[in-house]
Amino acid sequence: MKKLLLALALIPTFICAQNTISGIFSPAEEFTYAFLYHATPTNSDYVNRAQLGVDGSFSIPLDSTATPGIYKIVYALPPEENNFDFIYNGKESVAFTFSLDTGLEFTDGQDNKLWASYTKSMDMVNRTISNFYTQESTDKKAYADIIKTLEDTQSAYETSAEGTLASVFIKANSPYIPQGFEDLSTYSKNLKRTYLEHVDFSNPLLQSSDFLVDRVLAYIFGMTANTTNDTYKKDVDDLMETIGEGQIEIKTILFEMIWRRFKSMNNPELANYVTDNYLLELSKKTSYDALTEQLITYKTNTIGNKATNFDLAVTKDGTTVTTTLHDLDSANQYLLIFWSSGCGHCLDELPKVKTMLADKKDIKVIAFGLEDEPDSWQTKITDYPDFIHVLGLGKWDNPTANAYGIESTPSYFILDKDKHIIAKPYDLEALEKALK
269 MKKLLLALAL IPTFICAQNT ISGIFSPAEE FTYAFLYHAT PTNSDYVNRA
319 QLGVDGSFSI PLDSTATPGI YKIVYALPPE ENNFDFIYNG KESVAFTFSL
369 DTGLEFTDGQ DNKLWASYTK SMDMVNRTIS NFYTQESTDK KAYADIIKTL
419 EDTQSAYETS AEGTLASVFI KANSPYIPQG FEDLSTYSKN LKRTYLEHVD
469 FSNPLLQSSD FLVDRVLAYI FGMTANTTND TYKKDVDDLM ETIGEGQIEI
519 KTILFEMIWR RFKSMNNPEL ANYVTDNYLL ELSKKTSYDA LTEQLITYKT
569 NTIGNKATNF DLAVTKDGTT VTTTLHDLDS ANQYLLIFWS SGCGHCLDEL
619 PKVKTMLADK KDIKVIAFGL EDEPDSWQTK ITDYPDFIHV LGLGKWDNPT
669 ANAYGIESTP SYFILDKDKH IIAKPYDLEA LEKALK
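Under this note's numbering, the residue at position 151 of the sequence shown is numbered 419, and the numbers go up by one with no gaps.
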């Protein structure tokens with residue numbers, strides 16, 4: 269009877285047998301915790317965390333209720349830069365090693381090992397193709413052999429991956445296969461033309477991973493040298509057409525990423541093209557209010573547009589007069605600076621701006637102080653009697669600062685006589701060049 273009770277007691281243990289997500293980070297002293305998330309097309313849901321041992325190892329159990337799909341390990345801050353995806357098929361454990369020197373390697377988990385092996389093999393073949401064109405070879409037999417290897421490699425991995433989650437990625441990554449010898453120009457055009465041909469943008473597994481982001485970034489920004497704005501616009505249009513109807517959430521994610529890249533490239537024409545033609549409508553449909561506000565703010569502050577108006581006070585003949593930015597008529601150009609008395613960079617740069625403009629009488633400085641309290645600001649502004657000073661209480665929540673999209677201080681705007689934005693220098697060096 270006791271043996272029977274023991275056997276019955278063990279049954280739940282076998283039913284709920286756990287798989288694990290485990291790894292070893294090195295050098296161990298550089299890491300503390302591993303955070304596990306379940307990635308979905310629109311979010312990452314926290315699952316668990318584990319503190320690393322002295323050897324950099326950790327293990328997180330997953331029971332039978334854990335959903336197969338894409339999971340993410342976050343290993344440092346900021347999380348958006350220090351993470352990686354992996355596949356969990358619900359049937360087996362996943363193990364890996366991660367080194368700051370050599371990167372990520374999976375030691376257990378069929379899907380991840382298969383996908384890693386596939387990408388390594390395809391990289392080797394693609395490097396061979398690249399070397400062929402770099403050497404300007406015209407050996408058609410050698411070319412045919414390389415393309416045959418490319419085709420065979422893809423076919424072999426598709427067969428090996430049949431029935432696995434990895435097969436979704438391998439098929440989506442299917443390469444362009446030339447039917448005969450092609451010069452570099454022809455091959456490059458055909459490669460780009462077919463680059464998204466096998467990608468199913470509606471697949472939840474692809475949507476949950478970094479695959480679509482990486483693929484789209486490569487398509488828009490990595491496949492054409494000396495790309496013009498018109499080329500970029502065509503690529504953006506073609507991407508939208510390729511994705512097709514619906515898929516509003518994934519479109520929003522991808523086109524926000526493209527918009528931010530154009531923004532970081534300091535190309536407002538392209539950033540606003542994405543906004544006007546696609547992203548603003550998408551952000552409204554998905555109720556992504558924060559993005560909608562950012563898009564409108566960025567466009568409003570594009571070079572060439574009239575600067576947002578605000579109240580200010582100027583002193584004339586000893587009398588303080590209240591006016592607005594748009595009504596101000598005291599110079600041919602204006603330098604609008606958003607700064608703060610508690611900002612070390614501001615306190616370092618404002619004296620240099622004062623010196624820089626000492627002999628430029630046709631430029632008037634408007635110093636907009638972003639402050640929580642006025643006391644420190646009132647003390648500091650006495651060093652700059654020739655500036656027009658504006659107190660912006662609420663600091664980062666100040667409505668004028670938000671209207672200008674201020675994310676850091678100091679921020680510079682050069683305005684013409686009619687208050688149109690003619691330059692937005694990134695730093696003091698850029699300001700000096702712009703003023704010249």
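In this text, a Cβ means the ideal position worked out from N, Cα and C, and glycines have one as well.
In this structure, DSSP gives Q319 an extended state, which the three-state scheme calls strand.
Among the bridge pairs identified by DSSP, P329 is matched with T288. Between the beta-carbon of K502 and that of L550 there is about 19 Å, and that puts the pair past the 8 Å contact cut.
In this structure, DSSP gives I414 a helical state, which the three-state scheme calls helix.
Spanning the alpha carbons of G291 and F437 requires a straight line of approximately 23 Å. About 17 Å separates the CB atoms of I634 and L661; that is not less than 8 Å, and the two are not in contact. P536 is a Cβ neighbour of I571, given a cutoff of 8 Å.
Here the alpha carbons of A599 and P678 stand approximately 22 Å from one another. Taking one beta carbon from each stretch, the segment 663-673 and the segment 634-645 have 3 or more pairs nearer than 8 Å; the two touch. Uninterrupted alpha helix (DSSP H) stretches at least 4 residues long and entirely within the segment 626-704 occur at 643-648, 667-671, 696-703, given in chain order. Scanning its chain for C-beta atoms nearer than 7 Å, with the 5 sequence neighbours on each side dropped, one finds around K408 the residues F449, in chain order. Cα atoms of F364 and N351: separation of roughly 13 Å, rounded to the nearest angstrom. When C-alpha distances from T402 are compared across A307, L452, I328, the shortest belongs to L452. Between L683 and I689 the beta-carbon gap is near 6 Å, inside 8 Å, which marks them as a contact.
With the rule of 3 Cβ pairs closer than 8 Å, the segment 416-425 does not count as touching the segment 363-380. Distance from the CA of K692 to the CA of S442, rounded to the nearest whole angstrom, comes to 43 Å. Within the same chain, T590, T592 come within 7 Å of D579 by CB-CB distance, once the 5 residues on both sides are set aside. Assignment of V342 by DSSP, reduced to helix, strand and coil, places it in the strand class. Just measuring C-alpha positions, the residue of G324, N357, S332 sitting nearest I338 is N357. T583 sits in a strand when the DSSP states are folded into three classes. With fewer than 16 other Cβ atoms inside 10 Å of its own Cβ, K685 counts as exposed.
Annotation for Q286: P329, L330, D331 place their beta carbon closer than 7 Å to its own, counting only its chain and skipping 5 residues before and after.
DSSP places Y602 inside the beta strand (DSSP E), whose first and last residues are 601-607. Burial is judged here by how many other beta carbons sit within 10 angstroms of a residue's own beta carbon; W664 has fewer than 16 and is exposed.
Going by DSSP, L485 is part of no beta strand (DSSP E) but of the alpha helix (DSSP H) stretching over 479-489.
A residue is called buried once 16 or more other Cβ atoms fall within 10 Å of its Cβ, and Y541 is buried on that count.
When DSSP states are grouped into helix, strand and coil, I355 belongs to the strand group. E700 is the residue among T588, E700, D379, D323 whose C-alpha sits nearest the C-alpha of T623. About 19 Å separates the Cβ atoms of L372 and A429, ruling out a contact at the 8 Å cut-off. Comparing C-alpha distances from A698 to each of T576, E675, E617 shows the shortest one belongs to E617. Each residue's CA atom was taken as its position, placing D353 and W607 some 40 Å apart. Residue pairing of G371 in beta bridges, as defined by DSSP: S367.
Pairing T568 with P295, the inter-Cα distance amounts to about 47 Å. Look at F469 here: in three-state DSSP terms it is coil, with no helix or strand label.
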